[in-house]
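Some notes on the structure that comes next.
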Amino acid sequence: MTTALDPALLARVLSRALRRGGDFADVYFENRLTQTFRLQDGRIHEASTNVVRGAGVRVVVGQRAGYAFSDELDESALLRAAEAASLIARDGAADAAAIELASAAAPALYEPHGDEPAASERYVELLSRADVAARAFDPRVAAVNAFVTDELQYVQVASSDGRVVTDRRPLVTLGVQVVAKDGARRENGYLGDGGRTDIGVFTVKTPESIARESARIATTKLGARDAPAGEMPVVIGAGGGGVLLHEAVGHGLEADFNRKGTSLYSGRVGERVASDLVTIFDDGDLPGERGSVAIDDEGTPGQHKVLVENGILQGYMQDRLNARLMGVASTGSGRRQSYRVMPQPRMCNTYMPDGASTPEEIIGSVERGLYAASFAGGQVEISKGDFVFMVAEGYLIENGKITAPVRGATLIGNGPDAMTKVTMVGNDGRLANRSYTCGKGGQYVPVGVGVPTLKLASCTVGGTAAS
Amino acid sequence: MSSSNHDSRDEALALAESALELASSAGATDADATVSIVDRFTAQARDRELTQLERSRGRSLTVRAFVGKRRATLSTTDVTREGIDALVRRVVSAARFVGEDAHAGLPDTVGAVELCDHDLFTVSPDVAARADDEKVEEALEIERAVREADARIVNSDGSRVSDTITSWALANTRGFRGVHQGTTASRSAAPVARDGDAKRIGHYGSAARGWATLEPARSVALHAVHRALALLGARKPPTMRVPVIFERDVAASVLGDVFSALSAANVAVGNSWLSDRIGERVGSELVTIVDDGLLRGGLGTSPFDAEGTPTRETVVLRAGVLETYLADVYWGRRLGIASTGNAAGGGVGPNNVFLVPGQGTLDDLVAATPRGILVLDTIGFATEHASGIYSRGARGIYIEDGEPRYAVDEFTIASTFPDLLSGIDAVAGDLRFDATVVAPSFRVAEMTVSGT
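So the sequence lines, in the order shown, correspond to chains A and B. Residues in the first sequence are numbered consecutively from 0, following the numbering used here. Residues in the second sequence are numbered consecutively from 72, following the numbering used here.
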């Protein structure tokens with residue numbers, strides 16, 4: 000199996016890419032093998048193996064980028080891709096300088112993972128245990144669908160500034176979806192967990208615990224009433240509530256939107272964008288976490304970034320193209336779905352450090368409102384900053400106590416407006432034990448989110464029940 | 072593009088046949104192999120400059136290998152003989168750990184492919200013929216047009232022009248051989264309008280099988296500008312229960328969710344609010360939903376589906392009554408129905424799914440609405456197919472006395488799918504086939520609007 004290309008070949012490809020000129024060029028090679036087993040109706044339903052292997056060549060001139068990829072790895076195919084990418088610099092000055100590459104390894108960041116997927120028996124056993132545990136949880140569990148994926152991705156990035164860096168990224172996920180049924184009513188629960196490690200992690204994050212949690216969410220919703228509608232205080236649960244930061248703030252701080260001036264956060268570094276209780280980090284260098292990268296997909300090391308500190312905007316998440324145009328350094332945020340597409344500035348693990356309140360104090364401060372324990376996902380519109388989240392597990396808060404479960408709640412708000420309404424921050428922060436995947440411009444990458452329990456003094460809840 | 076498109080079909084079929092041979096010698100008792108070869112060109116312009124230029128050819132292979140009644144699949148972009156050989160061995164050995172499944176297997180019969188791309192108008196020759204420089208110039212032209220259309224347009228996220236030529240081959244060990252080719256052309260724009268201290272971006276794009284049938288560049292630019300300007304000064308509406316009108320593109324996204332609930336793959340595992348509802352009324356009389364795999368020039372049209380089943384026209388809901396689910400061979404067997412020719416990507420997918428249009432325009436719907444909301448855009452996506460709950464963030468126009476009054480945003484609309492489909496009380500005639508799931512604008516008699 001090819002795990003990297005010859006640096007001398009990469010140097011020739013880069014020279015060809017820059018033959019019409021350009022600020023820089025890079026080559027991204029990957030070879031990724033993903034093994035998946037799926038369980039349904041109490042048996043292994045399907046095994047699948049997925050290979051993504053190829054290389055992409057990019058040429059950058061100012062805000063312009065030319066790109067071409069190849070799934071063939073011989074020199075003539077790679078030179079053809081370089082030639083196609085070079086066309087972006089059609090009116091540039093010819094520059095035939097030879098390129099020399101110095102090799103470097105990425106920092107160690109992931110838990111160990113072998114070169115091959117584990118023995119198939121082990122995946123089968125994990126899924127069977129999840130199935131048994133979910134069914135045993137409650138007789139109303141009507142269906143269990145579970146999967147386990149085990150991925151190993153070799154990445155190599157060569158850049159015309161003389162670096163060639165390699166990375167070897169593992170990623171495992173175990174997901175359990177439970178359908179609970181009571182009469183004609185059906186409800187879903189889902190939980191996925193894992194990280195950048197091997198399936199040994201599921202001796203700690205056991206399939207039983209993931210399955211029971213998923214079954215608990217589905218069966219709880221069977222007894223849920225319709226979510227209320229209108230503005231009210233909302234308490235965001237620790238962990239999975241971090242989707243709030245990802246949508247309300249994170250995307251708006253990606254450098255491409257800010258370099259182009261299309262984000263509502265453009266030109267606002269140093270300004271107040273949240274209450275002074277709000278500090279937000281995005282870290283690429285947390286060991287073993289789903290959103291971590293030892294190097295990003297442009298070869299820059301993943302790193303700790305302070306996005307917002309005590310409510311003041313500190314900076315953006317940068318890839319190479321945008322950092323160069325904005326006169327700053329890349330923050331190791333250049334990520335991509337595969338060799339078939341160009342990198343974009345993206346989040347890694349976005350979270351908020353602890354505040355001073357206990358979760359009980361926060362919930363106790365709400366007379367009537369919503370407790371959003373976790374989110375199924377969210378979306379944001381970048382230019383004005385409106386965001387939504389779909390609540391996966393939610394409850395009413397009445398007289399300072401969590402009471403009835405509710406279903407179908409969507410929260411909607413505006414980024415800076417919502418963040419100035421953060422009036423309490425808990426002391427129970429953690430990353431979500433959930434497998435989130437972020438989509439942007441049609442590209443999907445694994446991310447992490449986390450948050451302590453938070454109080455939004457007011458937020459619009461979009462349910463169906465009139466208040 | 073390249074002049075070797077016939078060669079691409081031949082190349083795809085040769086690759087599929089060689090993968091089948093390797094799968095058989097690795098121990099598969101049955102298999103099918105699909106190869107797609109996609110030639111893609113994209114040009115993006117911004118600020119009077121060409122900002123992105125992409126041209127590539129991507130090849131992908133998928134193989135479904137059966138060992139008796141056990142199934143395992145692979146997909147790969149490494150189509151070297153050694154690469155495929157190593158992978159099919161891995162997959163056949165993984166199949167031993169899969170449970171026996173009486174429904175797994177190839178289609179029982181191998182149908183002859185009677186229609187070809189020529190009959191179905193899936194290939195528009197102007198895609199291969201058009202010069203790259205012309206497409207680049209057009210991206211610049213769209214960008215100029217959005218900037219010049221209105222003084223309030225102050226920025227742009229970029230204007231794009233792209234096309235694809237896809238060659239596709241399917242072969243199975245029961246003797247099926249089929250090749251198919253399709254082209255697409257598309258244009259899009261994303262202007263940004265100033266709205267006091269805030270910004271409003273308007274996204275609009277259109278796609279077709281070829282350049283001649285695609286919405287013209289200037290029209291795409293003006294549509295996008297209109298979307299950016301339509302929401303200027305928007306405010307939060309009050310929380311209320313009112314009629315909601317879904318503009319065509321938003322209506323299409325609702326139909327996309329309905330398609331998921333119609334998919335036999337979701338129905339069979341209980342993950343659909345339409346499970347066990349065949350023959351029942353699930354929508355108003357205005358709701359007739361069709362999947363037509365043979366629609367001439369449709370973006371989802373092909374002579375056969377991903378398993379080689381001939382595609383066809385299927386009426387899924389007729390005047391509100393659920394007539395069938397949409398299935399491939401496997402999920403059809405699970406539900407005891409025949410494949411409807413909807414095999415796609417290892418599961419069930421739409422061909423050309425649409426809500427049958429009524430009469431009149433979107434403006435007519437607005438004029439006939441005493442008080443309500445016109446939704447122009449939604450955000451959010453997590454539909455709970457099991458419970459059928461629908462909830463989205465939305466932006467649009469508040470209507471009173473049949474007149475658009477002011478723009479509204481930062482609110483949600485919510486209902487359940489049964490209530491939503493039953494509540495459709497007006498359908499416009501503005502259907503257009505610019506995607507694989509499309510709908511005309513329609514009105515729902517009452518939904519919860521959650522704002523202040």
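Glycine included, every Cβ here is placed at the ideal spot set by N, Cα and C.
Residue contact check for V150 (chain B) against chain A: a CB pair falls below 9 Å. The C-beta distance from V315 (chain B) to V479 (chain B) rounds to 11 Å, too long to fall under 8 Å, and the pair is not in contact.
In this structure, the straight-line span from the alpha carbon of V424 (chain A) to that of A456 (chain A) is close to 12 Å.
Distance between G304 (chain B) and A485 (chain B), taken at the CA atoms: about 24 Å.
In this structure, L433 (chain B) places its C-beta atom within 9 Å of the C-beta atom of L445 (chain B).
Bounds of the beta strand (DSSP E) holding L173 (chain A) are R162 to D181. Restricting attention to A:R121, A:L320, A:E150 and A:M346, the CA atom closest to the CA of V305 (chain A) is found in A:M346. Taken in chain order, the members of the region 243 to 269 of chain A whose beta-carbon sits within less than 7 Å of a beta-carbon on chain B are K259, G260, T261 and L263. Annotated three-state conformation of L366 (chain B) is coil, per DSSP.
Note that the C-beta distance between V177 (chain A) and S102 (chain A) is not below 9 Å.
The Cβ neighbour count for A335 (chain B), taken over all protein chains shown within 10 Å, is at least 16; the residue is labelled buried.
Proximity of the region 26 to 34 of chain A to the region 141 to 154 of chain A meets the contact definition, three or more beta-carbon pairs being nearer than 8 Å. Two segments are said to touch when three or more pairs of C-beta atoms, one from each, lie closer than 8 Å; by this definition the region 240 to 255 of chain A touches the region 434 to 449 of chain A. Using a Cβ-Cβ distance cut-off of 8 Å, the region 282 to 292 of chain B and the region 453 to 471 of chain B are not in contact, since fewer than three pairs of beta carbons, one from each stretch, lie closer than that value. Short of 8 Å from the beta carbon of E99 (chain A), and not among the five residues preceding or following it, lie these beta carbons of its own chain, in chain order: A10 and G161.
By alpha-carbon distance to S462 (chain B), the top candidate from A:D22, A:L72, A:G407 and A:S159 is A:G407. In chain order, I450, G464, R466, D480 and E481 make up the part of chain B whose C-beta sits under 9 Å from the C-beta of D385 (chain A).
The beta carbon of V268 (chain A) lies closer than 8 Å to those of L312, Q313, G314 and Y315 in the same chain, with the five residues before and after it left out.
Comparing alpha-carbon positions, the option among B:R248, B:A269 and B:I224 lying closest to P262 (chain B) turns out to be B:I224. At least one beta carbon of chain B lies nearer than 9 Å to the beta carbon of G407 (chain A).
Closer than 9 Å to the CB of F168 (chain B) there is at least one CB belonging to chain A.
The beta-carbon separation of L108 (chain A) and A269 (chain B), rounded to 40 Å, does not stay under the 8 Å limit for a contact. Scanning chain A for C-beta atoms nearer than 7 Å to the C-beta of G522 (chain B) yields T459, reported in chain order.
Among the residues facing chain A, H456 (chain B) is included, as its CB has a counterpart in that chain under 9 Å away. Only V263, A269, K270, R271 and I272 from the region 258 to 291 of chain B bring a Cβ to less than 7 Å from some Cβ of chain A. At the C-beta level, T409 (chain A) and G462 (chain A) come within 9 Å of one another. Neighbours of L158 (chain B) in chain A, taken as residues at a C-beta separation under 8 Å, are given in chain order as T48 and V50. Within the region 225 to 246 of chain B, N226 and D228 place their CB atoms closer than 7 Å to a CB of chain A, listed in sequence order. Residue pairing by DSSP puts Y435 (chain A) in a beta bridge opposite A:V446. Rounded to the nearest whole angstrom, the CA to CA distance from G429 (chain B) to V361 (chain B) is 14 Å. By the Cβ-count criterion, T202 (chain A) is exposed, with fewer than 16 other Cβ atoms from all chains shown falling within 10 Å of its own Cβ. A distance below 6 Å between beta-carbons, with the five flanking residues on each side excluded, links S410 (chain B) to the following residues of its chain, in chain order: T380, A398, D399, V400 and G403. Excluding five sequence positions before and after V60 (chain A), the CB atoms of its chain that fall closer than 8 Å to its own CB belong to G20, G21, D22, I87, A88 and G91, given in chain order. Taking 8 Å as the upper bound for CB-CB distance, A136 (chain B) and S107 (chain B) are not in contact here, some 18 Å apart. By the 16-neighbour rule on beta-carbons within 10 angstroms, K400 (chain A) is exposed. By the neighbour-count criterion, in which a residue is buried when 16 or more other Cβ atoms sit within 10 angstroms of its Cβ, T357 (chain A) is exposed.
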